[in-house]
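Student:
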Amino acid sequence: MKILVVGGGGREHAIIAKLAQSPKAEKIYCTPGNGGISAMAECFDVGATDIDGVVALAKKLAVDLVVVAPDDPLVLGMVDALQAEGFKTFGPKKAAAIIEGSKVFSKELMKKYSIPTAGYEVFKDSESAIAYVKQQNTYPAVIKADGLALGKGVILAQNEEEAVTAIKEMIDDKKFGDSSSTIVVEEYLTGPEVSVLSFTDGKTVVPMISSMDHKRALDNDEGLNTGGMGTVSPNPYYTEAIAKECMEKIFLPTINAMNSEGRTFEGCLYFGLMLTPKGPKVIEYNCRFGDPETQVVLPMLKTDLVDIMEAIYDHKLSELNVEWAEGSCACVIMASGGYPLSYPKGIEIKGLDAKGQVEGAQVFHAGTKLADGKFLTSGGRVLGVTAKGLTLNSALEKAYQGVEKITFEGAHFRKDIGQRALKALDSDPLHLGYKDDMEDYIEENGVYLRQ
Numbered sequence: 001m002k003i004l005v006v007g008g009g010g011r012e013h014a015i016i017a018k019l020a021q022s023p024k025a026e027k028i029y030c031t032p033g034n035g036g037i038s039a040m041a042e043c044f045d046v047g048a049t050d051i052d053g054v055v056a057l058a059k060k061l062a063v064d065l066v067v068v069a070p071d072d073p074l075v076l077g078m079v080d081a082l083q084a085e086g087f088k089t090f091g092p093k094k095a096a097a098i099i100e101g102s103k104v105f106s107k108e109l110m111k112k113y114s115i116p117t118a119g120y121e122v123f124k125d126s127e128s129a130i131a132y133v134k135q136q137n138t139y140p141a142v143i144k145a146d147g148l149a150l151g152k153g154v155i156l157a158q159n160e161e162e163a164v165t166a167i168k169e170m171i172d173d174k175k176f177g178d179s180s181s182t183i184v185v186e187e188y189l190t191g192p193e194v195s196v197l198s199f200t201d202g203k204t205v206v207p208m209i210s211s212m213d214h215k216r217a218l219d220n221d222e223g224l225n226t227g228g229m230g231t232v233s234p235n236p237y238y239t240e241a242i243a244k245e246c247m248e249k250i251f252l253p254t255i256n257a258m259n260s261e262g263r264t265f266e267g268c269l270y271f272g273l274m275l276t277p278k279g280p281k282v283i284e285y286n287c288r289f290g291d292p293e294t295q296v297v298l299p300m301l302k303t304d305l306v307d308i309m310e311a312i313y314d315h316k317l318s319e320l321n322v323e324w325a326e327g328s329c330a331c332v333i334m335a336s337g338g339y340p341l342s343y344p345k346g347i348e349i350k351g352l353d354a355k356g357q358v359e360g361a362q363v364f365h366a367g368t369k370l371a372d373g374k375f376l377t378s379g380g381r382v383l384g385v386t387a388k389g390l391t392l393n394s395a396l397e398k399a400y401q402g403v404e405k406i407t408f409e410g411a412h413f414r415k416d417i418g419q420r421a422l423k424a425l426d427s428d429p430l431h432l433g434y435k436d437d438m439e440d441y442i443e444e445n446g447v448y449l450r451q
């Protein structure tokens with residue numbers, strides 16, 4: 001098969017690396033791609049949101065499958081346009097992609113079908129929103145732009161002043177353009193966060209291995225929100241009992257709700273969950289593979305990804321047994337100096353060989369370009385250094401060893417990726433599925449502690 005992947009970040013690099021393992025993948029193309037992807041796929045200079053351009057490219061290359069990875073082209077209807085021309089695709093159509101494209105749509109869907117989520121109100125004018133926030137007087141307050149905002153359209157306001165500023169910037173100043181002309185103000189939920197990506201053909205839903213993202217720019221969950229500074233998989237807080245509850249109360253009800261609305265979802269549906277004291281609740285849906293969750297989830301996939309994508313297109317996912325590797329996976333993001341605010345581009349990256357690999361770890365390129373045989377930075381999140389291990393400790397150790405071999409001016413990365421997960425494993429290994437020898441632990445009041 002000839003396969004075209006649309007997109008050019010770390011997520012796309014991870015997807016291409018997994019597709020390349022399939023004996024069915026004879027040739028892989030990518031548009032626009034990046035420096036690291038160019039070692040695995042032939043790249044083209046057609047933008048990820050250029051629907052006509054991508055359709056024309058798919059025709060020119062006579063591809064057998066098009067994988068549309070980013071949110072923007074999905075929400076714009078790229079899959080619809082490709083299918084209209086007879087192409088086999090992976091990704092939801094426009095009517096289903098709205099589950100991420102509009103926060104208001106997803107919140108109202110959850111309310112209508114009794115899917116657990118945070119309480120909320122919707123506003124189109126700043127005056128009403130500010131009056132509501134002052135009346136609630138509970139902080140942090142969660143303020144979300146309705147539409148897509150590059151993962152930055154959510155503000156956790158710690159007090160009234162921050163809330164008022166966020167509301168005015170979104171609605172009055174159009175900080176995120178039309179995406180923030182309508183906002184959602186919702187209650188702040190507490191508990192461990194879990195990301196669960198899932199394969200679905202609209203009838204069957206197959207959750208992937210869980211993961212834990214690290215959104216803040218700095219160690220100890222400080223600093224500004226980012227697109228994600230690192231991930232670990234599986235997430236130790238996501239137990240078998242919680243997984244069962246999520247399937248019954250969240251995953252299947254969401255698929256059924258979308259079918260009832262005439263918006264059948266086919267592709268990868270991402271569930272952003274909060275494990276609250278009152279049970280798991282949905283923070284957000286994404287209509288595609290998450291980034292950087294994909295970088296720790298797909299390396300753990302044993303089943304042929306091309307087979308899965310074809311099964312979803314043919315509505316035969318129930319006939320496939322999707323299998324996962326034992327152990328853990330960790331990804332540490334290396335970012336440009338200044339990210340998530342303004343940052344320089346075009347800085348040479350040293351320590352990468354031609355394939356973008358370092359010993360003991362796999363490097364997924366996010367914001368890089370290849371020029372005159374040198375890798376240069378071209379984005380905020382530059383690289384995702386990823387490693388698998390039998391334990392989370394060994395996976396993290398290998399990932400950080402990989403990070404140490406790579407340098408570029410201004411590079412910054414979090415040094416505490418996975419530490420929260422390790423503490424969870426240490427405190428209660430039986431409950432959380434820790435696989436090490438239990439003789440290393442002693443019990444104190446029902447909690448298992450390392451000796």
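Counting from 1, one number per residue, gives the positions in the sequence shown under full-length UniProt numbering.
Glycine included, each C-beta is placed from N, C-alpha and C at the ideal position.
Because the structure is a prediction, the values reported are computed rather than measured.
1. Measure the C-alpha to C-alpha separation of A96 and K405 and round it to an integer number of angstroms.
2. By the 10 Å Cβ neighbour count, where 16 or more other Cβ atoms means buried, how is H13 classified, buried or exposed?
3. Using beta-carbon positions only, say whether F413 and I349 come within less than 7 Å of one another.
4. If we require 3 or more residues per run, which beta strand (DSSP E) segments fall completely within the stretch 68 to 134?
5. Buried or exposed for K423, going by 16 or more other Cβ atoms inside 10 Å?
6. Relative to the alpha-carbon of E310, which residue among A20, K24 and V6 has its alpha-carbon at the smallest distance?
7. Just confirm the distance between the C-beta atoms of I250 and P234, as a whole number of angstroms; I'd bet it's less than 8 Å.
8. Determine the DSSP secondary structure at Q158, reduced to helix, strand or coil.
9. Cβ atoms of V322 and V232: under 7 Å apart, would you say?
10. Is it true that the CB of D64 sits closer than 7 Å to the CB of Y107?
11. If you drop the 5 nearest sequence neighbours on each side, which residues of the same chain put their C-beta closer than 6 Å to that of L4?
12. Might you give, ordered along the chain, the residues of its own chain that have their beta carbon closer than 6 Å to the beta carbon of D304, omitting 5 neighbours on each side?
13. Does the Cβ of Y238 have 16 or more other Cβ atoms within 10 Å, making it buried, or fewer, making it exposed?
14. Need the endpoints of the beta strand (DSSP E) that residue 454 sits in, please.
15. Under 7 Å between the Cβ atoms of G402 and V385?
16. With contact counted as at least three CB pairs below 8 Å, one residue from each stretch, are the stretch 194 to 202 and the stretch 133 to 141 in contact?
17. Would L298 and K124 qualify as a contact pair, given that the criterion is a beta-carbon distance under 7 Å?
18. Express the C-alpha separation of G267 and R288 in angstroms, rounding to a whole number.
19. Using 8 Å as the Cβ pair cut-off and three pairs as the minimum, do the stretch 276 to 287 and the stretch 185 to 192 touch?
20. Could you check which residue in G10, N159 and I143 has the C-alpha nearest to that of G153?
21. So, under 8 Å CB-CB, L370 and S38 are touching, yes? Tell me the CB distance rounded to an integer number of Å.
22. Since I99 and F105 are thought to touch, with beta carbons under 8 Å apart, how far apart are those beta carbons, to the nearest angstrom?
23. For C329 and K174, what's the separation of their Cα atoms in angstroms?
24. Taking 7 Å as the cut-off, decide whether the C-beta atoms of E42 and G119 are in contact.
25. Taking the alpha-carbon of Y339 as reference, which of F364, H365 and R381 has the nearest alpha-carbon?
26. Quick one: which unbroken beta strand (DSSP E) runs of 3-plus residues sit fully inside the stretch 331 to 407? Chain order, please.
27. Taking 7 Å as the cut-off, decide whether the C-beta atoms of A157 and A149 are in contact.
28. Where does G177 land, buried or exposed, given buried means 16+ other C-beta within 10 angstroms?
29. Do I347 and P292 have their beta-carbon atoms positioned less than 7 Å apart in this structure?
30. Let me check one thing: in DSSP terms, what residues is I51 bridge-paired to?
31. According to DSSP, which residues form a beta bridge with L148?
32. Is T31 helix, strand or coil by DSSP?
33. Going along the chain, which residues of its own chain have a beta-carbon closer than 6 Å to the beta-carbon of F87, five neighbours each way excluded?
Tutor: If we stick to the structure as given:
1. Translated into positions along the sequence shown, residue 96 becomes position 96. Translated into positions along the sequence shown, residue 405 becomes position 405. Each residue's alpha carbon lies about 42 Å from the other.
2. Locating residue 13 in the sequence shown gives position 13, where the first residue counts as 1. With 16 or more other Cβ atoms within 10 Å, it is buried.
3. By 1-based counting over the sequence shown, the position of residue 413 is 413. By 1-based counting over the sequence shown, the position of residue 349 is 349. Not in contact: F413 and I349 (Cβ atoms no closer than 7 Å).
4. As far as the stretch 68 to 134 is concerned, its whole beta strand (DSSP E) runs of at least 3 residues are 120 to 123.
5. Along the sequence shown, read from residue 1 onward, the residue named residue 423 stands at position 423. By the 10 Å Cβ count, K423 comes out exposed.
6. If you number the sequence shown from 1, residue 310 lands on position 310. Closest in C-alpha terms to E310, from the list A20, K24 and V6, comes K24.
7. The residue given as residue 250 occupies position 250 in the sequence shown. The residue given as residue 234 occupies position 234 in the sequence shown. The distance from the Cβ of I250 to that of P234 is about 18 Å, inconsistent with a contact at the 8 Å cut-off.
8. As a first step, residue 158 must be located in the sequence shown, where it is residue number 158. Q158 carries a coil assignment under DSSP once its states are collapsed to helix, strand and coil.
9. Within the sequence shown, residue 232 is the residue found at index 232, counting from 1. Within the sequence shown, residue 322 is the residue found at index 322, counting from 1. Cβ atoms of V232 and V322: not closer than 7 Å.
10. On the sequence shown, residue 107 is found 107 positions in, with the first residue counted as 1. On the sequence shown, residue 64 is found 64 positions in, with the first residue counted as 1. Note that residue 107 is Lys in the sequence shown here, rather than Tyr. Annotated as distal: K107 and D64, with beta-carbon spacing of 7 Å or more.
11. Taking the sequence shown and counting its residues from 1, the one referred to as residue 4 is at position 4. Once the five neighbours on either side are set aside, the close Cβ partners of L4 are Y29, A58, V63 and V66.
12. For the purposes of this step, residue 304 is taken as the residue at position 304 of the sequence shown. In its chain, beyond the 5 residues on either side, S22 have a beta carbon closer than 6 Å to the beta carbon of D304.
13. Start at 1 with the first residue of the sequence shown, and residue 238 comes out as number 238. Buried is the call here.
14. Residue 454 cannot be examined here, being either before or after the span of the chain that is shown, 1 to 451.
15. In the sequence shown, residue 402 corresponds to position 402, counting from 1. In the sequence shown, residue 385 corresponds to position 385, counting from 1. Against a cut-off of 7 Å, the Cβ pair of V385 and G402 comes out as a contact.
16. Short answer: they don't touch.
17. Walking along the sequence shown from the start, residue 298 turns up at place 298. Walking along the sequence shown from the start, residue 124 turns up at place 124. Result no, Cβ atoms of L298 and K124 do not sit closer than 7 Å.
18. Position 288 of the sequence shown holds residue 288. Position 267 of the sequence shown holds residue 267. Using only the alpha carbons, I get a separation of about 7 Å.
19. Enough Cβ pairs lie closer than 8 Å, so yes.
20. The residue labelled residue 153 in the question sits at position 153 within the sequence shown. It is I143.
21. Here residue 370 refers to the residue found at position 370 when the sequence shown is read from its first residue. Here residue 38 refers to the residue found at position 38 when the sequence shown is read from its first residue. Right, the Cβ-Cβ distance comes to about 6 Å (below 8 Å), so this counts as a contact.
22. The residue you call residue 99 lines up with position 99 of the sequence shown. The residue you call residue 105 lines up with position 105 of the sequence shown. Separation of the CB atoms of I99 and F105 is rounded to 7 Å, and the pair is thereby assigned contact status at 8 Å.
23. Working through the sequence shown from its first residue, we reach residue 329 at position 329. Working through the sequence shown from its first residue, we reach residue 174 at position 174. Spanning the two alpha carbons is a distance of roughly 39 Å.
24. As a working note, residue 42 is residue 42 in the sequence shown. As a working note, residue 119 is residue 119 in the sequence shown. In this structure, G119 does not lie closer than 7 Å to E42 by Cβ.
25. Translated into the one-based positions of the sequence shown, residue 339 becomes position 339. Comparing Cα-Cα distances from Y339 to each of F364, H365 and R381, the minimum goes to R381.
26. The stretch 331 to 407 contains these whole beta strand (DSSP E) runs: 361 to 365, 368 to 371, 374 to 377 and 381 to 389.
27. Residue mapping note: residue 157 aligns to position 157 of the sequence shown, counting from 1. Residue mapping note: residue 149 aligns to position 149 of the sequence shown, counting from 1. The criterion of a C-beta distance shorter than 7 Å is not satisfied by A157 and A149.
28. Taking the sequence shown and counting its residues from 1, one reaches residue 177 at position 177. Result: exposed.
29. Within the sequence shown, residue 292 is the residue found at index 292, counting from 1. Within the sequence shown, residue 347 is the residue found at index 347, counting from 1. In this structure, I347 does not lie closer than 7 Å to P292 by Cβ.
30. Counting from 1 along the sequence shown, the entry for residue 51 is found at position 51. Note: I51 sits in no beta bridge, so no partner.
31. The count along the sequence shown starts at 1 and reaches residue 148 at position 148. According to DSSP, which records beta bridges pairwise, L148 is partnered with nothing at all.
32. As a working mapping, residue 31 is identified with position 31 in the sequence shown. The answer is strand: DSSP assigns T31 an E or B state.
33. Taking the first residue of the sequence shown as position 1, residue 87 is located at position 87. Closer than 6 Å at Cβ, skipping near neighbours: A58 and V66.
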